[in-house]
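If you're matching positions, the sequence shown starts at 1 in UniProt numbering and goes up one per residue. Glycine included, every Cβ here is placed at the ideal spot set by N, Cα and C. Remember, it's a predicted structure, so these values are computed and weren't measured experimentally.
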Amino acid sequence: AFFGDKNHKAFSRFCLCGHEKSGLRAYRNMHPAMLGALGYAVMSCATLGGALERLVNYYPLISSGSLLKLELHDHIVKIVSIEVTKKVPRVFIDAGFSILLALIRWLVPHYYVVPLGVELVYAPPGERAGLEEVFGRNLKFSAGHNVLVFPREICNYPLITASPKLDRLHADFLRVQLESSPTGFASSKIRRAVAQSLALGVTPTLDSIADALKVSKRTLQYSLRNEGLSFSMVYNDVRQALAHDYLRHSVYSIKYISATLGFSDQSSFYKASLRWFGMTPQNYRDLS
């Protein structure tokens with residue numbers, strides 16, 4: 001979900017009852033208030049870069065099924081969406097990115113921000129006019145993750161709604177909300193930390209994730225138990241979801257995927273694939 005709780009059910013009905021192109025219509029209907037408290041908190045940031053960082057950091061407050069990651073490079077910035085649960089229908093992907101792009105343009109109306117490229121996990125559609133109208137023509141399909149690519153300079157764009165006083169209040173409020181939210185603090189936040197650790201080539205452990213989240217190991221375990229979960233369950237779920245994405249929506253080699261997911265050898269990955277999907281990694285890839 002890319003919405004505050006009050007809007008999520010209506011958004012889901014809107015997506016599920018319409019044509020698969022319905023997600024793109026969200027671009028015209030976006031307002032920061034749709035993101036709940038996070039939307040208002042984003043508006044008070046000084047720059048677009050700060051707003052994007054806040055959106056990513058507190059994204060677990062509005063989504064339990066995906067992670068957002070902000071990647072800063074020399075000349076570009078990437079916003080990466082990683083699904084950590086089941087496969088998401090195209091309409092939700094289009095809606096999420098349409099809202100994100102519309103939010104960016106809403107925050108800096110004096111600059112017309114255009115993506116340098118957009119990567120989407122689903123296969124090339126038969127008709128692309130709607131996608132090109134919203135995102136431009138530099139589209140890549142069957143990608144490993146959903147990604148928006150922008151010039152790095154957009155991070156320095158000032159927000160017309162910036163407010164230093166409100167910014168401090170919003171930051172404190174979001175921090176309390178995240179720490180008091182079972183889904184935000186525990187499973188969603190841990191999923192994000194696990195995925196980020198794997199992306200950095202570091203095998204996550206209970207201790208390392210507790211350190212990353214600045215909580216004690218006991219607190220982390222207690223929070224997960226409140227949701228009927230354990231760290232090993234969350235770790236396994238994230239690896240399974242990432243394995244699905246890599247095998248079905250990327251051209252990475254089996255060896256690369258195995259190493260990226262933290263397996264010590266390919267045979268361990270094969271065994272996990274049999275447990276997750278009932279078949280070998282290559283056979284699961286061949287289904288796509």
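What whole-angstrom Cβ distance do L24 and D94 have, given they're in contact under 8 Å?
5 Å
Do three or more CB pairs link the region 186-194 to the region 147-161 at distances below 8 Å?
no
Please identify the residue among H170, Y27, L174 and L61 whose C-alpha is closest to the C-alpha of residue 298.
In the structure displayed, the chain extends from 1 to 288; residue 298 sits before or after that span and is not available.
Leaving out five residues on either side along the sequence, give the residues of the same chain with a beta carbon under 7 Å from the beta carbon of R191.
L67, V84, V234 and V238
So what does I82 bridge to, in DSSP terms?
L67
Could you check the C-alpha separation between S22 and V88 for me, to the nearest Å?
15 Å
Roughly how many whole angstroms lie between the Cα atoms of T161 and S44?
6 Å
So, for R285: in the same chain, excluding its five sequence neighbours on each side, which residues have a beta-carbon less than 6 Å away from its beta-carbon?
L247
Distance check for S208 and L178, CA to CA, integer angstroms please.
20 Å
Go through its chain and collect everything with a Cβ distance to F141's Cβ below 7 Å, but skip five positions before and after it.
L120, Y122, A123 and P124
Would you say L116 and L35 are within 9 Å of each other, going by their C-beta atoms?
no
For G144, which of helix, strand or coil comes out of DSSP?
coil
So, at 8 Å on beta carbons, what are the nonlocal neighbours of residue 306 in its own chain, with the 5 sequence-adjacent residues on each side left out?
An answer regarding residue 306 cannot be provided, because it is not within the stretch 1 to 288 covered by the chain.
Answer with buried or exposed for S258, where buried requires no fewer than 16 other C-beta atoms within 10 angstroms of its C-beta.
buried
In chain order, what are the residue ranges of uninterrupted alpha helix (DSSP H) at least 4 long that sit wholly in the UniProt domain "HTH araC/xylS-type" (188-287)?
189-199, 206-213, 217-226, 231-249, 254-260, 266-277 and 281-286
How is V77 classed by DSSP in three states: helix, strand or coil?
strand
Just verifying my parser: in three-state terms, what is the DSSP assignment at E53?
helix
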